[in-house]
Amino acid sequence: MVSDRTLISQFLEMLGAERGAAQNTLESYERDLDRLSDHNTVPLKDLNRDHLRAYLAGLQASGLAARTQARKLSTLRQFYKFLYAEGIRDDNPVLGLDSPRLGKTLPKLLSEDQVSRLLEVAERQAEKKGSLKPFRLHALIELLYATGLRVTELVSLPRVAVQSGQPYIYVRGKGDKERLVPMNGRAIRALNTYMEALDHGEDAPGDKTGSKSQNKWLFPSRGAKGHLTRHRFAQLLKQLGADAGILPSQLSPHVLRHAFATHLLSHGADLRAVQKMLGHSDISTTQIYTHVLTERLKILVQQKHPLSKA
Numbered sequence: 000m001v002s003d004r005t006l007i008s009q010f011l012e013m014l015g016a017e018r019g020a021a022q023n024t025l026e027s028y029e030r031d032l033d034r035l036s037d038h039n040t041v042p043l044k045d046l047n048r049d050h051l052r053a054y055l056a057g058l059q060a061s062g063l064a065a066r067t068q069a070r071k072l073s074t075l076r077q078f079y080k081f082l083y084a085e086g087i088r089d090d091n092p093v094l095g096l097d098s099p100r101l102g103k104t105l106p107k108l109l110s111e112d113q114v115s116r117l118l119e120v121a122e123r124q125a126e127k128k129g130s131l132k133p134f135r136l137h138a139l140i141e142l143l144y145a146t147g148l149r150v151t152e153l154v155s156l157p158r159v160a161v162q163s164g165q166p167y168i169y170v171r172g173k174g175d176k177e178r179l180v181p182m183n184g185r186a187i188r189a190l191n192t193y194m195e196a197l198d199h200g201e202d203a204p205g206d207k208t209g210s211k212s213q214n215k216w217l218f219p220s221r222g223a224k225g226h227l228t229r230h231r232f233a234q235l236l237k238q239l240g241a242d243a244g245i246l247p248s249q250l251s252p253h254v255l256r257h258a259f260a261t262h263l264l265s266h267g268a269d270l271r272a273v274q275k276m277l278g279h280s281d282i283s284t285t286q287i288y289t290h291v292l293t294e295r296l297k298i299l300v301q302q303k304h305p306l307s308k309a
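If you read the sequence shown in numbering that gives the first Met the number 0, its first letter stands for residue 0, the second for the next number, and so on.
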């Protein structure tokens, strides 16, 4: 009998090899399937629709957010579709299971003033301390707000993503898709300053960034991944936010990505252009930001319509 662990490993191998799934996605799927396996005494390949319906009902009863429930159901759909395609099962027990109802939630937002304050504090700390860590954090913040990269894309950028004299970076995103993302002047200057310090080995005492230029990562670390982790970057960002007077609950790398998209649209950027820069394969994913366009249209009508002052 094939064990649950073997089936999960085969499924993850398929996702990685054939679909180019990111490591974080693979780890998320693995956690979901391990939890399902632990929840049942019946092997995963033999679970029926009632088993899965009871499992999902338990998730709901535990108070898990609807969006998280939906993500876990998506894992089950992918896994049992794989088992069916491989001939391990004669049916797909997930068919007919309903997704939890999701409300439309807008992302947390930072104002332009808050972002400006955050960037100013990062720049000031880099100038004051003159060592690699603050240079690195300043470059990370400027680059994130200038490009809207996913945090995993940002911290795992290879050095070759940055070409000397070019105002853009090469990004390999979800599904192993590549895209070119432009940078503004502030981000380019911060990145150049950081890379110069990196190449000259200007580490602060006790810094563990591994500063040699031959390292393949743009933001290297001596950790297992070889580059700065998303978790560590989030910690550094929250610490910087506190220095800038922004509550930790208001700030995360993803919030800065949302700020990038929202502020571009509020200044007249085209939704399709923002979609490309964010790396969204479907425009519907980007449309969560259309609330910004709606507000801008309201203001436009109020200011420009000939009857608005009647």
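Heads up, the beta-carbon is just placed ideally off N, CA and C, and yes, glycines get one too.
| Can you tell me the Cα-Cα spacing of T285 and S110, whole angstroms? | Translated into the one-based positions of the sequence shown, residue 285 becomes position 286. Translated into the one-based positions of the sequence shown, residue 110 becomes position 111. Looking at the two C-alpha atoms, the distance is approximately 19 Å.
| task | Measure from the alpha carbon of D97 to the alpha carbon of each residue in K127, A65 and A125, then state which is nearest. | result | Against the sequence shown, residue 97 aligns to sequence position 98. Looking at the Cα atoms, A65 is the closest of the given residues.
| request: For F10, I'd like the list of residues in its chain whose CB is within less than 6 Å of its CB, leaving aside the five on either flank, ordered along the chain. | output: Here residue 10 refers to the residue found at position 11 of the sequence shown. Here the set comprises F78 and F81.
| Which class does R149 belong to by DSSP, given the choice of helix, strand or coil? | Locating residue 149 in the sequence shown gives position 150, where the first residue counts as 1. Looking at R149 - three-state DSSP - the assignment turns out to be coil, as it is neither helix nor strand.
| request: Return helix, strand or coil for R4, following the three-state DSSP convention. | output: Here residue 4 is taken as the residue at index 5 of the sequence shown, counted from 1. Note: R4 maps to helix in three-state DSSP.
| message | Quick check on the burial criterion: 16 or more other C-beta atoms within 10 angstroms. Buried or exposed for P92? | response | Walking along the sequence shown from the start, residue 92 turns up at place 93. Buried, because 16 or more other Cβ atoms sit within 10 Å of the Cβ of P92.
| field | Pair within 7 Å by beta-carbon distance, L43 and S36 | value | The residue labelled residue 43 in the question sits at position 44 within the sequence shown. The residue labelled residue 36 in the question sits at position 37 within the sequence shown. In this structure, S36 lies closer than 7 Å to L43 by Cβ.
| query | Residues in its own chain within less than 7 Å of H226 by CB, not counting five upstream and five downstream? | reply | For the purposes of this step, residue 226 is taken as the residue at position 227 of the sequence shown. Taken in chain order, the residues that qualify are V154, S155, W216, F218, P219 and S220.
| said: On the criterion of 16 or more Cβ atoms from any shown chain inside 10 Å, does E177 qualify as buried, or is it exposed? | reply: Looking up residue 177 in the sequence shown gives position 178. Label assigned to E177: exposed.
| task | Using DSSP bridges, identify the partner residues of V170. | result | For the purposes of this step, residue 170 is taken as residue 171 along the sequence shown, with counting starting at 1. According to DSSP, which records beta bridges pairwise, V170 is partnered with R178.
| field | Cβ-based burial, K127 [other Cβ within 10 Å; buried from 16] | value | Taking the sequence shown and counting its residues from 1, the one referred to as residue 127 is at position 128. Exposed, since its Cβ has fewer than 16 Cβ neighbours within 10 Å.
| query | I think T146 touches I168, with their Cβ atoms under 8 Å apart; what is that distance to the nearest whole Å? | reply | In the sequence shown, residue 146 corresponds to position 147, counting from 1. In the sequence shown, residue 168 corresponds to position 169, counting from 1. Indeed, because the Cβ distance is near 7 Å, the residues count as touching under 8 Å.
| query | From L55, A189 and L108, pick the residue whose C-alpha is nearest to that of S265; which is it? | reply | Here residue 265 is taken as the residue at index 266 of the sequence shown, counted from 1. Among L55, A189 and L108, the Cα nearest to that of S265 belongs to L108.
| task | State whether the region 116 to 127 contacts the region 239 to 249, with contact taken as three or more CB pairs (one from each stretch) at a distance under 8 Å. | result | yes
| field | Alpha-carbon to alpha-carbon, R76 and L32 | value | In the sequence shown, the residue the question calls residue 32 occupies position 33. In the sequence shown, the residue the question calls residue 76 occupies position 77. Computed Cα separation, rounded: 11 Å.
| task | Would you mind working out which of Q165, R116 and G174 sits nearest E17, comparing C-alpha positions? | result | For the purposes of this step, residue 17 is identified with residue 18 of the sequence shown, where counting begins at 1. Ranking Q165, R116 and G174 by Cα distance to E17 puts G174 first.
| message | Using only the alpha-carbon positions, how far apart do M194 and G184 sit? | response | In the sequence shown, counting from the first residue as 1, residue 194 sits at position 195. In the sequence shown, counting from the first residue as 1, residue 184 sits at position 185. The straight-line gap from Cα to Cα measures roughly 15 Å.
| query | Using the beta-carbon count (16 or more within 10 Å), is I282 buried or exposed? | reply | Position 283 of the sequence shown holds residue 282. When all chains shown are included, I282 counts as exposed.
| request: Within the same chain, show all residues whose beta-carbon is closer than 7 Å to that of H50, passing over the 5 residues directly before and after it, in chain order. | output: Looking up residue 50 in the sequence shown gives position 51. The answer, listed in chain order, is N39 and V41.
| query | Just reading off the alpha helix (DSSP H) that K215 is part of, what are its end residues? | reply | Position 216 of the sequence shown, counting from 1, holds the residue named residue 215. Where K215 is concerned, there is no enclosing alpha helix (DSSP H), given that its DSSP letter is neither H nor E.
| message | Between the alpha carbons of Q274 and M0, how many angstroms are there, rounded? | response | In the sequence shown, the residue the question calls residue 274 occupies position 275. In the sequence shown, the residue the question calls residue 0 occupies position 1. The alpha-carbon atoms of Q274 and M0 are separated by roughly 46 Å.
| query | Just the Cα atoms here: how many angstroms apart are P99 and R70? | reply | Here the question's residue 99 lines up with position 100 in the sequence shown. Here the question's residue 70 lines up with position 71 in the sequence shown. Their Cα atoms are separated by approximately 10 Å.
| query | Where does H50 sit, in a helix, a strand or coil, going by DSSP? | reply | For the purposes of this step, residue 50 is taken as residue 51 along the sequence shown, with counting starting at 1. Here H50 sits in helix by DSSP.
| Ranges of the alpha helix (DSSP H) found wholly within the region 23 to 90, counting only runs of at least 4 | Fully enclosed alpha helix (DSSP H) runs of 4 or longer: 48 to 60 and 65 to 84.
| field | Closest residue to N23 among A60, D3 and H230 (Cα-Cα distance) | value | Counted from its first residue, the sequence shown places residue 23 at position 24. It is H230 whose Cα lies nearest to the Cα of N23.
| said: Quick check on V114: does DSSP put it in helix, strand or coil? | reply: Here residue 114 corresponds to residue number 115 of the sequence shown, with the count starting at 1. Helix, per DSSP.
| With 16 other Cβ atoms within 10 Å as the buried cut-off, status of P247 | Numbered from its first residue, the sequence shown carries residue 247 at position 248. The residue is exposed, with fewer than 16 neighbouring Cβ atoms inside 10 Å.
| Would V159 be called buried (16 or more neighbouring beta carbons within 10 Å of its own) or exposed? | Stepping through the sequence shown from its first residue, residue 159 is reached at position 160. V159 is exposed by the Cβ-count criterion.
| task | Taking the CB atoms as reference points, tell me whether M182 and P166 lie closer together than 7 Å. | result | Within the sequence shown, residue 182 is the residue found at index 183, counting from 1. Within the sequence shown, residue 166 is the residue found at index 167, counting from 1. Cβ atoms of M182 and P166: closer than 7 Å.
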